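For reference, the structure is listed below as structure tokens.
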Amino acid sequence: MAVELDSDLVIIDDSFIEVDCRQLKNEIERAEYNGTTIVFAGSDIYKCKDIGKYENVFFVDKTLNKEEVIKHINLVIQHGMTDVETKSKISIFDHAEFPIEMYRQATKLLVNCGFNPKHKGFLYLRDASIMTLLEIRGGSLSKDIYPVIANRYNVSDESVERAIRHAVSKVWQTNRLEPLSKFGIKYRFDDRPTNSVIISCFTDILRELNG
2 MAVELDSDLV
12 IIDDSFIEVD
22 CRQLKNEIER
32 AEYNGTTIVF
42 AGSDIYKCKD
52 IGKYENVFFV
62 DKTLNKEEVI
72 KHINLVIQHG
82 MTDVETKSKI
92 SIFDHAEFPI
102 EMYRQATKLL
112 VNCGFNPKHK
122 GFLYLRDASI
132 MTLLEIRGGS
142 LSKDIYPVIA
152 NRYNVSDESV
162 ERAIRHAVSK
172 VWQTNRLEPL
182 SKFGIKYRFD
192 DRPTNSVIIS
202 CFTDILRELN
212 G
């Protein structure tokens, strides 16, 4: 995740989940946050409560289009909550290069299969599945996917691999990944699937969901 905290204004979409908020909080602290205005468009303040203590952090109601988002932001500016000007640099956080609807689908897919959004492996597995589907990097997990995710979250390649494996193990112990059958693609696992197998499964499902 990369949020440009040197921007005057950062707009964050409502698909943010609690674990994303923790990542943003870490970025704010590492960057010695000094006043960037952050607007959560539609996000629940309770799942981002740790960020609410910072100045210039605001939450706006769920909106249906960009025009409504702009209207809400203008209200914030007009009431003197920030000194953002027309020519200010605007940063839109859009989950890196991922289409937002696909990002939501992947999040929902993992949650429905029993993965815990509070675990780092959830983040890494979600990103790896979308990256594989979009062919953003080459096909090798260890050489292409893991290094990109590791760089994004400021961890080692080994940490990414280990966190995904741990998340898969937890779900395997709980439900043997049986919820996968709900998505119309039949999978049968005799043993806990490897990282590459589960990423391939989720990629297949996302591909079906996106026609």
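In the numbering used here, each number is its position in the sequence shown, counted from 1, plus 1.
Quick reminder that beta carbons are idealized off the backbone N, C-alpha and C, glycines included.
Every value quoted in this text rests on a predicted model; they were computed, and no experiment measured them.
Could you tell me whether the Cβ of residue i comes closer than 8 Å to any Cβ of chain B?
i           : result
residue 206 : Absent here is chain B; the protein component of the structure consists of one chain.
Once the 5 residues before and after residue i are set aside, which same chain residues still bring their CB inside 7 Å of it?
i           : result
residue 147 : 158, 161, 162
residue 65  : Residue placement at residue 65 is flagged as unreliable, the pLDDT there being 43, under the threshold of 50; the coordinate-derived value follows with that caveat. Result list for residue 65: empty, nothing under 7 Å.
residue 168 : 116, 120, 122, 123, 126
residue 134 : 204, 207, 208
Using only CA atoms, which one of the options lies nearest to residue i?
i           : options            : result
residue 129 : 26, 103, 22, 192   : 103
residue 165 : 194, 209, 134, 207 : 194
residue 122 : 145, 170, 135, 132 : 170
residue 112 : 189, 191, 183      : 183
residue 28  : 108, 144, 191, 153 : 153
residue 210 : 155, 188, 105      : 105
Report all residues from its chain with a CB closer than 8 Å to the CB of residue i; omit the five preceding and five following residues, and keep chain order.
i           : result
residue 142 : 129, 162, 196, 197, 200
residue 80  : For residue 80, the predicted model reports a pLDDT of 47, less than 50, meaning its position is unreliable; a value from the coordinates is still stated below. The answer is none, since no qualifying residue turns up.
For the alpha helix (DSSP H) that residue i lies in, which residues bound it at each end?
i           : result
residue 130 : 121-135
residue 171 : 158-176
residue 210 : 196-210
residue 193 : Element bounds for residue 193: n/a, residue is neither H nor E.
residue 152 : 147-154
Give me the Cβ distance between residue i and residue j, rounded to the nearest whole Å; I'm assuming they're in contact under 8 Å.
i           : j           : result
residue 172 : residue 178 : 6 Å
residue 151 : residue 131 : So it is not a contact: roughly 16 Å between Cβ atoms.
Taking 6 Å as the limit between beta carbons, can you name the residues of its chain near residue i, skipping five residues before and five after?
i           : result
residue 176 : 115
residue 84  : Only weak support is given to the placement of residue 84: the predicted model assigns it a pLDDT of 41, under 50, and the value that follows is read from those uncertain coordinates. Result list for residue 84: empty, nothing under 6 Å.
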